[in-house]
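Here is the structure we will look at.
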DNA sequence: CCAATGGTTCAACGTTTGTTGTACCTTTGA
DNA sequence: TCAAAGGTACAACAAACGTTGAACCATTGG
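Protein chains in written order, with our numbering: chain U, 20 to 139; chain P, 20 to 139.
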């Protein structure tokens, strides 16, 4: 599998970052990653009940806005929020968004706390 | 002129607010209003070099996301940021966005400071 | 080698978006 | 009363978006 393109958050315009965070599905992905940390992609799209190709599409947008990083071990892939880097580029933005996401249905793991600092 | 629809910020979903703030032109409008306070619409669209109908379109999106308020005195209209109300609905979001807008060309008035508290 | 698994890529689609121009409405000023 | 000014509403269009399904690629396990 070829290495996917990951944008450097430093190169991302604010409007592009806002757009990446303006879709309900992508907000849920970001919320999930913020809560659970690095997560397998299959877990995410089965938790959200969307097709693989649709998930792949949204993952790409999130990668291209510098919001997530994906690495693959074998045929499995996992995603994580690039909290620190995104926060360096847009101070306070991700925290503001995360703390304003209306909580989705039934967390799979106990909710601990919100915020970016925890994510690395 | 009929009264224009203004959304109650309390009714605006996060994704809609993010979308309203994901367009470069709308970001410049918000930036301008945050810097200069209440401003006549004609000033805004001539400052941005866009057509009246296009400006009207973007103003409507900003109204419908609870971001701006428009009032008309005579045949002139002016817009202002609904900073406090938007901030109540989405704490920290507008501040985070404003402090991350890359400064536009040549401010018409001296830049004082950024932030929402000042806007009322 | 073969089949199954986890994701990507592509074409296709319907919808939404941003932009322009024109017609229109309302208020002011002569 | 009439014309001009400030904005809105509408139709039109190209571009982008979200979604789906099918084909494809890479990796693992038998």
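Ideal Cβ placement from N, Cα and C applies to all residues, glycine included.
Problem - Close Cβ partners of residue 35(P) (< 6 Å) along its chain, the five nearest in sequence each way excluded - result: Against the second chain, residue 35(P) aligns to sequence position 16. Result list for residue 35(P): 84, in chain order.
Practice task
For residue 102(P), count neighbouring Cβ atoms within 10 angstroms of its own Cβ and tell me buried if that reaches 16, exposed if not.
Solution key: The residue you call residue 102(P) lines up with position 83 of the second chain. Buried is the call here.
Practice task
Find the residues of chain U that neighbour residue 169(P), judging by a C-beta separation of less than 8 Å, and give them in chain order.
Solution key: Because chain P here runs from 20 to 139, residue 169(P) falls outside it and cannot be looked at.
Handout entry: Spatial neighbours of residue 104(P) in its chain, beta-carbon cut-off 7 Å, leaving aside the 5 residues before and after
Key = Taking the second chain and counting its residues from 1, one reaches residue 104(P) at position 85. Excluding residues within five positions, the ones whose Cβ falls inside 7 Å are 28, 85.
Exercise for the section: Measure how close the beta-carbons of residue 39(U) and residue 81(U) come, nearest whole angstrom, since I'm counting them as under 8 Å. Expected result: The residue you call residue 39(U) lines up with position 20 of the first chain. The residue you call residue 81(U) lines up with position 62 of the first chain. That pair is a contact at about 6 Å.
Exercise for the section: Please go through the same chain and pick out, in chain order, the residues whose beta-carbon is closer than 8 Å to the beta-carbon of residue 33(P), but skip the five residues on each side of it. Expected result: Indexing the second chain from 1 puts residue 33(P) at position 14. For residue 33(P), where only same-chain residues beyond five positions count, the Cβ hits under 8 Å are 109.
Practice task
Compare the C-beta of residue 84(U) with all C-beta atoms of chain P and state if any pair is closer than 8 Å.
Solution key: On the first chain, residue 84(U) is found 65 positions in, with the first residue counted as 1. No, no contact with chain P.
Exercise for the section: Could you check the C-alpha separation between residue 73(U) and residue 88(U) for me, to the nearest Å? Expected result: To locate residue 73(U), count along the first chain from 1; it is residue 54. To locate residue 88(U), count along the first chain from 1; it is residue 69. Distance between the alpha carbons of residue 73(U) and residue 88(U): 18 Å.
Problem - Cβ pair residue 25(P), residue 45(P) closer than 8 Å - result: Against the second chain, residue 25(P) aligns to sequence position 6. Against the second chain, residue 45(P) aligns to sequence position 26. No; because the gap between Cβ atoms is not below 8 Å, this pair is not in contact.
Practice task
Enumerate, from N- to C-terminal direction, the unbroken alpha helix (DSSP H) stretches of 4 or more residues contained entirely within the region 45 to 126 of chain P.
Solution key: 60 to 67, 71 to 83, 102 to 108, 112 to 117, all fully within the region 45 to 126 of chain P.
Handout entry: Boundaries of the alpha helix (DSSP H) in which residue 40(P) is found, first to last residue
Key = Numbered from 1 along the second chain, position 21 holds the residue referred to as residue 40(P). It is not in any alpha helix (DSSP H) - residue 40(P) carries neither H nor E in the DSSP assignment.
Practice task
Check whether the Cβ atoms of residue 58(P) and residue 98(P) lie closer than 8 Å to each other.
Solution key: To locate residue 58(P), count along the second chain from 1; it is residue 39. To locate residue 98(P), count along the second chain from 1; it is residue 79. Yes, the pair counts as a contact, with Cβ atoms nearer than the cut-off.
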